[in-house]
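Quick mapping for you: the protein sequence lines, in order, are chains A and B.
Per the working numbering, the first sequence runs over residues 1 to 384.
Per the working numbering, the second sequence runs over residues 385 to 768.
Worksheet: the structure to be examined is printed underneath.
There are 2 protein chains.
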Amino acid sequence: MRKVAVIGIGLTKFGYHWDRDLISLAVEAGSKAIRDAGIHQKDVEVLYGGTMSGGLFINQEHLGSMLPDYLGFKNIPSVRVEAACASGGLALRQGYIDIASGLHDIAVVGGVEKMTDIGSYSITKVLATAADTERESVFGATFPGLYALMAKLHMHKYKTTEEQLAAVSVKNHKNAMHNETAQFHKEIKIDDVLKSPMIADPLKLLDASPISDGAAAIILASEEKAKQLCDTPVWIAGSGHATDTISLHDRQDLLTLKATVEAAKQAYLQAKLEPKDIQAVEVHDCFTIAELLALEDLGFIKKGESGKFTESGQTEIGGKIPVNTSGGLKAKGHPVGATGIAQAIEAVMQLRGQTGKRNTNAEIAMTHNVGGTGGTAVVHIFRR
Amino acid sequence: MRKVAVIGIGLTKFGYHWDRDLISLAVEAGSKAIRDAGIHQKDVEVLYGGTMSGGLFINQEHLGSMLPDYLGFKNIPSVRVEAACASGGLALRQGYIDIASGLHDIAVVGGVEKMTDIGSYSITKVLATAADTERESVFGATFPGLYALMAKLHMHKYKTTEEQLAAVSVKNHKNAMHNETAQFHKEIKIDDVLKSPMIADPLKLLDASPISDGAAAIILASEEKAKQLCDTPVWIAGSGHATDTISLHDRQDLLTLKATVEAAKQAYLQAKLEPKDIQAVEVHDCFTIAELLALEDLGFIKKGESGKFTESGQTEIGGKIPVNTSGGLKAKGHPVGATGIAQAIEAVMQLRGQTGKRNTNAEIAMTHNVGGTGGTAVVHIFRR
């Protein structure tokens, strides 16, 4: 397989875009990425795009045909992939495989979701289709409820506290203060989280990532093209992807996301790296407990110790391993299909030194994107 | 890129499966394919699956996580792709790219759709999400309506007759008589088509493919693995994929599916073959006019001459180019996500000589799978 680099990035602001549709967001991100790479639309040979549910959110499937047309890529192959909230990460991986295979030299990979302004369905009902409809959702198990089960068990088993969960949120809101595309620019305190409305005990409103609209795109190139076109390519050093039971209740251990463990193993192996080598990481913090579990499953800390680790500031910028410097899903926003690509953009910006006040001087960064309660996980390692 | 072979096939009966869900159909097809390949579940390294709309048909996204679990493939990477009615063909292509890249050696690629027994939505409304929702469907343009426009123009421009359109349907029903998994086993006459209820002038009920449930799966292997495991591998000689405007009204020429032309060009080039070399072809006959356009766009006959060509019997078994020996979408059935894989299975069965009374002795066969009115096309060439 050939080496593959990121040579361009483009991102919309995440948040509520009441006045814009999915196409408009996707075109903004894609066009910015093309401009950032210094290429032309005609140079793009293939498109990979992730959305969770064009069907249920905006009543539009077949976005793989629609997007290249609106982006001005005439007749190119274009692939929509879906893995719930890991759709963006999966699009990146499939684009990576395509370029690595030698089939194409330049790809746009992107993710997009338009979640506000939906019609007859509720957003929670759409998101619930990422769980097992007939064996979880139909019995009332929403995502806050499922992640709350994991949080309760982590608290019971490892003495993790609500304050430690809240510390994840406080840190991510702090990081987002310096990220202009983030949905929230508002510092919060532990007490704000603890006093926010209860959603699913022990998770409160401020333990949860928000509803967002947004799009993200990156340009991938083969080694030869990257060296021709770009002075600061960022290389994909490792790519991993794994699945697990879609239903939480089918797992032997509710506190280990096997898909994360397995995807990380693949990525570390390919990159010939270990957890201690990673200098910045974007993890999938759809709820605060998810960030804690990710730190453990990615190998940064022993199972059960992530609460104390976070509370002690080790995941802040300047700490042992800076986590979610972008603000994470919690504060940057979580337009589900776009999230995996937005994570990759933060990694690339860190490695390029474009992150300003949230800079980590990292030379190696990781991204971790999850679908459902861990039914899918996609992990990538990037290096300068 | 490495050579890739089909080493196993599995198919459910197509039709109305009121008593079964999507998972049950997918597991049947996948298990049959594994058995046919003579491998074990643990040998499968990756899964690629196509469905058009798990979200709208069965209220279930994230099938990429669900299916490997139910099929007994623990924690493997699994990718759901979607390109409306070309979802199956696209899954095949993405599985092909994966194995060709060297990443994995054995893949299951499949397609599945459960279309009957849906809840609050109508099936026509779900299918309409494959067209441009805001610029076509919302104005009442259903798929029968859009294909009817093409048929009217073909009749106007090339003197194509309703009898010639009907001849497509008559032939496909005849072929399906010898295909035990086909939805319909009923011979029809030109007059039956002409007298069937008008759907969208000039297309009648018997010009249209039916609503179906069903699943199809094949096992792909690298050259080395294929030679180890299989005495009769069928090789993927060429793969092509292209897109076009999702909206019919945005095209310069309503009678040329540019995506088909471009995808076929890629496949012919890779296989170093020409239209005259193809000895059997499965084309995307969602409506009778679609088969006529496909014959022209794939290069078997000059633009405008497909009606006479079909009427004269040249697309029957024994004719110049046998088309849709399986019965096609019209008579074999059209569970949209499964169709592209089912086409590949017919090609493999023809090349293996397993087609009994519909045998063509072909050594080279082609498949052609379309999404929407030609917003996506995927073309594959297979050889013994």
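Just so it is clear, CB atoms sit at the ideal spot from N, CA and C, and this is done for glycine as well.
| Query | Result |
| --- | --- |
| Expected contact under 8 Å - CB spacing of C230(A) and I23(A) to nearest Å | Their Cβ separation, rounded to whole angstroms, is 28 Å, which puts C230(A) and I23(A) out of contact at 8 Å. |
| Residue span of the alpha helix (DSSP H) that contains L127(A), given as start and end | I123 to L127 |
| Candidates P233(A), I246(A), A26(A) and T142(A), of which the one nearest T376(A) by Cα | I246(A) |
| Between the CA atoms of G622(B) and G494(B) - distance to the nearest angstrom | 19 Å |
| Which of helix, strand or coil DSSP assigns to D575(B) | helix |
| Span separating the alpha-carbon of S553(B) from that of H368(A) | 50 Å |
| Segment limits, alpha helix (DSSP H) that includes G721(B) | Neither: G721(B) is in no alpha helix (DSSP H) and is coded neither H nor E. |
| Validate contact between the segment 75 to 84 of chain A and the segment 38 to 47 of chain A using beta carbons, cut 8 Å, 3 pairs | yes |
| Residue from K686(B), F441(B) and E695(B) whose Cα sits closest to the Cα of Y505(B) | F441(B) |
| CB contact below 8 Å: V79(A) versus chain B | yes |
| Residues near V348(A) by beta carbon distance below 6 Å, same chain, minus five either side | V6, I9 and V234 |
| Span separating the alpha-carbon of T360(A) from that of T181(A) | 18 Å |
| Neighbouring residues, chain A, relative to H446(B) (Cβ below 8 Å) | E82, A83, A84, T129, A130, A131, I246, G371, G372, G375 and T376 |
| Which listed residue (G318(A), Y70(A) and K13(A)) has its alpha carbon closest to that of K357(A) | G318(A) |
| Alpha helix (DSSP H) runs contained entirely in the segment 562 to 642 of chain B, provided each spans 4 or more residues | 574 to 579 and 607 to 613 |
| Outcome for H538(B) when other beta-carbon atoms lying within 10 angstroms are tallied against a minimum of 16 | buried |
| Distance between D637(B) and K686(B) (C-alpha atoms, nearest Å) | 15 Å |
| Cβ-Cβ separation, L549(B) to T672(B) (assumed contact under 8 Å), whole Å | 4 Å |
| Spatial distance of A515(B) from E571(B) (CA atoms) | 32 Å |
| Boundaries (first-last residue) of the beta strand (DSSP E) holding G755(B) | I748 to G755 |
| Contact check, P202(A) vs A148(A), beta carbons under 8 Å | yes |
| Beta carbon proximity, S485(B) to chain A, threshold 8 Å | yes |
| Which listed residue (E608(B), S471(B) and G434(B)) has its alpha carbon closest to that of D489(B) | E608(B) |
| Alpha-carbon spacing of E466(B) relative to N708(B), whole angstroms | 23 Å |
| Short Cβ contact (8 Å threshold) for E675(B) with G712(B) | yes |
| Simplified DSSP state of L92(A), which is helix, strand or coil | helix |
| CB contact check: H625(B) to chain A, cutoff 8 Å | yes |
| Bridge-paired residues (DSSP) for H380(A) | S239(A) and T367(A) |
| Environment of V353(A) [buried if 16+ CB atoms lie within 10 Å] | For clarity, residue 353(A) is Gly in the given sequence; the question names Val instead. Answer is exposed; the Cβ neighbour count stays below 16. |
| Cut-off 6 Å between Cβ atoms - residues of its own chain near H401(B), not counting five sequence neighbours on either side | D597 |
| Buried or exposed (CB count within 10 angstroms, at least 16 for buried), F184(A) | buried |
| S101(A) (DSSP reduced to helix, strand or coil) | helix |
| Interface residues of chain A facing P452(B) [CB-CB closer than 8 Å] | T243 |
| Presumed contact (8 Å Cβ cut-off) between L293(A) and L248(A), rounded CB distance | Actually they do not touch by this definition, with Cβ atoms about 12 Å apart. |
| Y454(B), enclosing alpha helix (DSSP H) - first and last residue | L447 to L455 |
| Inter-residue spacing [alpha-carbon to alpha-carbon] between K320(A) and R93(A) | 28 Å |
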